[in-house]
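Those letters in the sequence shown? Residues 1 to 212, by the UniProt record's numbering. Glycine included, every Cβ here is placed at the ideal spot set by N, Cα and C. All figures in this text were calculated on a predicted structure; none of them were measured in a lab. Shown next, in structure tokens, is the structure this report addresses.
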Amino acid sequence: MSDEAVILVHGVWMRAFSLLVLRRRLREAGFHTELFDYASVFGRGERGVERLCRRVQAQRASTVHLVGHSMGGLLALQSLQRLPQGLSGRIVCLGSPLNGSAVARRVERWPLGPRILGGSRDPLCKGLGEARPAASVGVIAGTRAFGLGQLAGVFDEPNDGTVGLSETRWPGASAHCAVDTSHTGLTLSREAARLTVNFLRSGNFHNEAMPS
């Protein structure tokens with residue numbers, strides 16, 4: 001086991017258990033892993049950011065990485081901006097709409113849309129802008145169109161069913177790649193896990209075998 005910790009952050013409408021498969025694969029690769037759970041809808045967005053910052057600062061590992069799925073990637077990057085000492089490791093965003101989500105903006109227009117999105121409304125609808133992150137950020141997108149956005153006819157581009165490919169191409173990221181899986185599938189995909197391990201270790205998505 002290396003002296004590197006990975007904190008995994010789930011997406012909107014989900015809980016930490018949704019990342020158990022990815023957590024196991026990162027552990028098999030030698031990382032100490034922790035799941036971070038937060039109220040993505042019913043809690044204040046700022047509260048989640050503050051709690052994640054405290055979790056990062058409480059780590060004893062020499063290097064701390066963040067891996068976020070969907071809204072979890074946005075939360076990770078928001079937290080990065082609040083950490084006084086920055087982040088010692090890297091950030092991987094899985095299917096995160098860092099440029100804002102067309103699906104979220106569609107949901108926002110529904111009668112109960114703002115309540116459905118809750119504390120995740122602003123970052124999901126607006127994205128992060130052109131921030132320059134103080135850490136290396138890698139983004140893994142999905143291209144298998146299966147999900148709410150596909151059913152609603154939101155996309156006219158490659159997408160994972162919930163997030164469009166262009167929504168993941170954030171200017172602040174240092175690396176970007178795509179895998180043939182859906183939005184939820186990114187948390188289960190062995191290929192996405194392999195790419196995550198590669199980026200955490202080296203800062204790029206070069207080929208490297210995962211443990212069998």
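Could you name the residues that DSSP lists as bridge partners for residue 175? Here the question's residue 175 lines up with position 175 in the sequence shown. Answer is 138, bridged to residue 175.
Under 8 Å between C-beta atoms of residue 177 and residue 146: Residue mapping note: residue 177 aligns to position 177 of the sequence shown, counting from 1. Residue mapping note: residue 146 aligns to position 146 of the sequence shown, counting from 1. Not in contact: residue 177 and residue 146 (Cβ atoms no closer than 8 Å).
Select from 98, 159 and 109 the residue whose C-alpha is nearest the C-alpha of residue 169. Indexing the sequence shown from 1 puts residue 169 at position 169. Selected option, being the one with the closest Cα: 98.
Could you check whether the region 42-52 touches the region 11-31, counting it as contact only if at least three pairs of C-beta atoms, one from each stretch, sit closer than 8 Å? no
Same chain only: Cβ atoms within 6 Å of residue 73, ignoring 5 sequence neighbours per side: Position 73 of the sequence shown, counted from the first residue, corresponds to residue 73. Within the same chain, residue 73 has close Cβ partners 93 and 96.
Inspect the CB distances between the region 32-45 and the region 107-126 and report whether three or more fall short of 8 Å. The region 32-45 makes contact with the region 107-126; the number of CB pairs closer than 8 Å reaches 3 or more.
Is residue 26 closer than 8 Å to residue 184 when the C-beta atoms are compared? For this step, residue 184 is matched to residue 184 along the sequence shown. For this step, residue 26 is matched to residue 26 along the sequence shown. No, the pair does not count as a contact, with Cβ atoms beyond the cut-off.
To the nearest angstrom, how far is it from the Cα of residue 161 to the Cα of residue 182? Taking the sequence shown and counting its residues from 1, one reaches residue 161 at position 161. Taking the sequence shown and counting its residues from 1, one reaches residue 182 at position 182. Approximately 6 Å between the Cα atoms of the pair.
Among 56, 164, 108 and 179, which has the Cα closest to the Cα of residue 191? Within the sequence shown, numbered from 1, the residue matching residue 191 stands at position 191. Per the Cα distances, 179.
Determine the contact status of residue 66 and residue 7, defining contact as a CB-CB distance below 8 Å. Position 66 of the sequence shown, counting from 1, holds the residue named residue 66. Position 7 of the sequence shown, counting from 1, holds the residue named residue 7. Yes, the Cβ-Cβ distance between residue 66 and residue 7 is below 8 Å.
By Cβ distance, which residues of its chain are closer than 8 Å to residue 125, with the 5 residues on each side in sequence left out? Here residue 125 refers to the residue found at position 125 when the sequence shown is read from its first residue. 100, 101, 104, 105, 108 and 117, listed in sequence order.
Tell me whether residue 4 is buried or exposed, calling it buried when 16 or more other Cβ atoms sit within 10 Å of its Cβ. Looking up residue 4 in the sequence shown gives position 4. Of the residues assessed, residue 4 falls on the buried side of the cut-off, its CB having 16 or more other CB atoms within 10 angstroms.
For residue 82, which residues from the same chain have a beta carbon less than 7 Å from its beta carbon, with the 5 sequence-adjacent residues on both sides left out? Taking the first residue of the sequence shown as 1, we reach residue 82 at position 82. Excluding sequence neighbours, residue 82 sits near 49 and 53.
Residue 175 versus residue 115: straight-line alpha-carbon distance, rounded: Taking the sequence shown and counting its residues from 1, the one referred to as residue 175 is at position 175. Taking the sequence shown and counting its residues from 1, the one referred to as residue 115 is at position 115. Distance between the alpha carbons of residue 175 and residue 115: 34 Å.
So the candidates are 9, 46, 42 and 45; which of them puts its Cα closest to the Cα of residue 33? Counting from 1 along the sequence shown, the entry for residue 33 is found at position 33. Nearest C-alpha to residue 33: 9.
Suppose contacts are defined by Cβ-Cβ distances below 8 Å. Is residue 21 in contact with residue 188 by that definition? Within the sequence shown, the letter at position 21 stands for residue 21. Within the sequence shown, the letter at position 188 stands for residue 188. Yes, they are a contact pair.
Which residue wins for smallest C-alpha separation from residue 77, given the options 30, 129 and 59? On the sequence shown, residue 77 is found 77 positions in, with the first residue counted as 1. Taking only the C-alpha atoms, the option nearest residue 77 is 129.
Helix, strand or coil, according to DSSP, for residue 107 in the structure here? Here residue 107 refers to the residue found at position 107 of the sequence shown. Here residue 107 sits in helix by DSSP.
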